[in-house]
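All residue numbers for the first sequence refer to the numbering used here, where the first residue is 1 and numbers rise by one.
Cβ coordinates follow ideal geometry from the N, Cα and C atoms, glycine included.
Just so we're clear, the structure is a prediction, and the values are computed from it rather than from any experiment.
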Amino acid sequence: MSQTYIADLKDHVGKEVTLKGWLYKRRSSGKIHFLVVRDGTGLAQGVVPKNDVSEEVFERCKTIAQESAIVVRGTVAEDDRAPGGFELRLSDVEVVHAAAEYPITPKEHSTGFLMSHRHLWLRSSKQHAVLRVRGAVIRAIRDFFDDRGFLLVDAPVFTPNACEGTTTLFETKYFDDRAYLTQSGQLYMEAAAMAHGKVYCFGPAFRAEKSKTRRHLTEFWMVEPEVAYAELDDVMDLAEGLVCSIAERVLDRCQEELKTLERDVSRLEAVKAPFPRLHYDDAVKLLNDKGNDFEWGGDFGAPDETLISEQYDRPVLVHRFPAAIKAFYMKPDPENEKASLSVDVLAPEGYGEIVGGGQRADDLEFLERKIEEHGLPQDAFEWYLDLRRYGSVPHGGFGLGLERTVAWMCGVEHLRECIPFPRMLYKIYP
RNA sequence: UCCCCGAUAGCUCAAUUGGUAGAGCGAGCGGCUGUUAACCGCUAGGUUCGUGGUUCGAGUCCACGUCGGGGAGCCA
């Protein structure tokens, strides 16, 4: 049996087609049924007037439960009254599988309930739209780097050592030894950049942070480019270009989804280069001027980030953070040894830090000293130090958090809606 | 790890001062030819998270526990 997808109905107006999908919802009156069908590509309304079909089909429509699998045949017409803009005058309705009583109704549900039914919640139109946007963002990221001569280099998931802290690592047995799930592919990307010049990795990262907020997952996806001979300004330009390219792509390809999500697209249309660039010292001044008690040397809390990003209609780059609050591999600022050549990108509307990165230290003695100061085991980093022994060059890169970016694009409050099956503190089901 | 809030029908919630458990949605049945979270009528549906305590009497008060939500710190 041939099949037409709802997304393609516009090419079939006036023709008879067959849709294969599920019953999204049904409304009935005495002599007419409205069946809203979804097939993964969209929603379409099927109309069943009593006089158009056999008694058997009409009676069958009365009893089909929500989310039952159905195949319908009918003639396509444009109609503003129908969700999706198209409706089918149905001639036949076949039930492939009659669903049991479906737990997710059109009324409101609590987040806890929906999360425990995540495997079914994925079918709801907003969740469906979010994952379509996620798919578009992933493609935009890959296209951005591939089009600019970057090579995709996959970083390992098992690692022998921590990249930054050691307290937030997931530990696992590795034969007779121990291993950790990766927090970041960056160190490996530095090695790859010395081989290929421009590289990126894109995969999951794991952090055993006991964070109970809407901005944290224990498993999230991150894209991490790394560029040989790049200095801080190059890193900032690259991050700015990537973020613009993502917003542009979402606006270009996801209009339907943004409508479903009731996203204010003007906020995304404002995402154009150049982004404001704010020196950490000036950010401190700004916070104090706005009444936040904040001292030079500290890291921004969530309210500080929100206050800073509220000043602008587009993402803001904050650069040259104090070295003490950044990772051991950050290159110090030649103009102020207490500062580092680092940069964060803060998204607007309170979505917080979506990018963190900077220029890496390329001096062997400096790194050896830092590893010691941070109490890290030097032998675990010997391979990394080799990169400073054999043709060390200035280089830098950043990590962009996929779910935070998707949440911002979608205007969704919780990161957990931006990944198909979120992993959070104490929660690993379904 | 710390702080705040919560747990009552399948779901979302209500229950006055401590005095016999209620509604909407969903489900079932009936009605309605253009519905948009449709509407109208009827029916079924309860170990009030668990364990102890106070009381003549606990959904309600107290203690502990479990689970859920929000936030802080930390981060992407």
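Closest residue to residue i among the options (Cα-Cα distance)
{"i": "Ala339", "options": "Glu310, Gly375, Trp296 and Arg369", "result": "Trp296"}
{"i": "Ala191", "options": "Ala69, Val406 and Phe381", "result": "Phe381"}
{"i": "Thr41", "options": "Glu417, Glu16, Glu349 and Leu9", "result": "Leu9"}
{"i": "Glu59", "options": "Val235, Ala302, Gly30 and Thr75", "result": "Gly30"}
{"i": "Tyr312", "options": "Phe321, Val57 and Tyr351", "result": "Tyr351"}
{"i": "Ser2", "options": "Ala205, Arg73 and Arg118", "result": "Arg73"}
{"i": "Asp348", "options": "Leu131, Pro276 and Phe175", "result": "The question names Asp, yet the displayed sequence has Pro at residue 348. Per the Cα distances, Pro276."}
{"i": "Ile325", "options": "Arg118, Ala179, Phe170 and Asp299", "result": "Asp299"}
{"i": "Pro274", "options": "Phe321, Ala239 and Asp80", "result": "Ala239"}
{"i": "Leu120", "options": "Glu67, Leu169, Arg139 and Ile141", "result": "Glu67"}
{"i": "Ser124", "options": "Gly135, His109, Val137 and Arg389", "result": "His109"}
{"i": "Ala361", "options": "Gly375, Glu335, Ile419 and Ala327", "result": "Ala327"}
{"i": "Gly356", "options": "Arg404, Pro394 and Ala140", "result": "Arg404"}
{"i": "Phe206", "options": "Ala179, Met194, His196 and Val227", "result": "Ala179"}
{"i": "Gln45", "options": "Gly301, Pro160 and Arg81", "result": "Arg81"}
{"i": "Val153", "options": "Ala193, Asp176 and Arg389", "result": "Ala193"}
{"i": "Lys15", "options": "Thr111, Phe86 and Val57", "result": "Phe86"}
{"i": "Gly241", "options": "Arg369, Leu114 and Arg148", "result": "Arg148"}
{"i": "Met409", "options": "Val57, Phe145, Asn51 and Thr260", "result": "Thr260"}
{"i": "Asp282", "options": "His319, Leu258, Ile428 and Glu256", "result": "His319"}
{"i": "Tyr280", "options": "Asn336, Val157, Glu56 and Pro49", "result": "Asn336"}
{"i": "Pro83", "options": "Glu256, Ala99, Phe170 and Pro160", "result": "Glu256"}
{"i": "Leu90", "options": "Val57, Gln359, Gly112 and Thr111", "result": "Val57"}
{"i": "Gln127", "options": "Leu258, His196, Ala99 and Asp234", "result": "Leu258"}
{"i": "Gly399", "options": "Tyr429, Arg369, Gln359 and Gly375", "result": "Gln359"}
{"i": "Tyr429", "options": "Gly112, Arg142, Gly301 and Glu310", "result": "Gly112"}
Close-in-space but distant-in-sequence residues of the same chain around residue i (CB under 7 Å, 5 per side omitted)
{"i": "Ala69", "result": "Trp22, Val96 and His97"}
{"i": "Gly401", "result": "Phe220, Met222 and Ile354"}
{"i": "Ala323", "result": "Met330, Pro332, Lys338, Ala339 and Ser340"}
{"i": "Leu425", "result": "Lys210, Ser211, Lys212 and Thr218"}
{"i": "Tyr5", "result": "Asp39 and Thr41"}
{"i": "Glu78", "result": "Val13, Gly85 and Phe86"}
{"i": "His117", "result": "Pro103 and Ile104"}
{"i": "Tyr384", "result": "Leu187"}
Boundaries of the beta strand (DSSP E) in which residue i is found, first to last residue
{"i": "Ala179", "result": "Asp177 to Leu181"}
{"i": "Arg26", "result": "Glu16 to Ser29"}
{"i": "Gly401", "result": "His395 to Gly401"}
{"i": "Thr75", "result": "Ala69 to Glu78"}
{"i": "Tyr200", "result": "Lys198 to Phe206"}
{"i": "Leu88", "result": "Phe86 to His97"}
{"i": "Leu317", "result": "Val316 to His319"}
{"i": "Ser184", "result": "Premise fails: Ser184 is in no beta strand (DSSP E) and is neither H nor E."}
{"i": "Pro225", "result": "Glu219 to Ala228"}
Within 8 Å, strictly: CB atoms of residue i and residue j
{"i": "Glu262", "j": "Leu251", "result": "no"}
{"i": "Val47", "j": "Leu19", "result": "no"}
{"i": "Leu232", "j": "Gly396", "result": "yes"}
{"i": "Val17", "j": "Val76", "result": "yes"}
{"i": "Arg249", "j": "Ala136", "result": "yes"}
{"i": "Val271", "j": "Pro204", "result": "no"}
{"i": "Met236", "j": "Leu317", "result": "yes"}
{"i": "Val245", "j": "Ala140", "result": "The displayed chain sequence assigns Ser, not Val, to residue 245. In contact: Ser245 and Ala140 (Cβ atoms closer than 8 Å)."}
{"i": "Tyr188", "j": "Pro394", "result": "no"}
{"i": "Val199", "j": "Glu226", "result": "yes"}
{"i": "Ser342", "j": "Phe321", "result": "yes"}
{"i": "Arg214", "j": "His414", "result": "yes"}
{"i": "Pro106", "j": "Lys25", "result": "yes"}
Anticipated Cβ contact below 8 Å, residue i with residue j, distance rounded
{"i": "Leu307", "j": "Lys290", "result": "6 Å"}
{"i": "Val345", "j": "Val133", "result": "Their Cβ separation, rounded to whole angstroms, is 19 Å, which puts Val345 and Val133 out of contact at 8 Å."}
{"i": "Glu417", "j": "Val130", "result": "6 Å"}
{"i": "Asn292", "j": "Asp304", "result": "6 Å"}
{"i": "Leu122", "j": "Pro420", "result": "7 Å"}
{"i": "Asp264", "j": "Gly411", "result": "7 Å"}
Same chain only: Cβ atoms within 6 Å of residue i, ignoring 5 sequence neighbours per side
{"i": "Gly185", "result": "Ala155, Cys201 and Glu224"}
{"i": "Glu94", "result": "Val71"}
{"i": "Phe158", "result": "Ala179"}
Contact test: residue i Cβ vs the ligand PLP heavy atom, cutoff 7 Å
{"i": "Pro225", "result": "What this structure holds is no ligand at all, so the ligand PLP is not there to describe."}
Cβ-based neighbour list, residue i, same chain, cut-off 8 Å, excluding 5 preceding and 5 following
{"i": "Glu101", "result": "Ala65"}
{"i": "Glu509", "result": "The requested residue 509 is not part of the displayed model; the chain covers only 1 to 430."}
{"i": "Arg423", "result": "Leu217, Thr218 and Glu219"}
{"i": "Lys62", "result": "Ser28 and His33"}
{"i": "Leu387", "result": "Glu190, Ala191 and Met194"}
{"i": "Ala7", "result": "Thr41 and Gly42"}
{"i": "Thr168", "result": "Gln183, Arg207, Ala208 and Glu209"}
{"i": "Asp92", "result": "Val53, Val57, Val72, Arg73 and Gly74"}
Start-to-end residues for the alpha helix (DSSP H) that takes in residue i
{"i": "Cys244", "result": "Leu232 to Arg253"}
{"i": "Lys173", "result": "It is not in any alpha helix (DSSP H) - Lys173 instead sits in the beta strand (DSSP E) that spans Glu171 to Tyr174."}
{"i": "Leu131", "result": "Ser125 to Asp147"}
{"i": "Trp296", "result": "Segment: none, Trp296 is in no alpha helix (DSSP H) and carries neither H nor E."}
{"i": "Ser54", "result": "Taken as a continuous stretch (DSSP letters only), Ser54 belongs to no alpha helix (DSSP H), as it is neither H nor E."}
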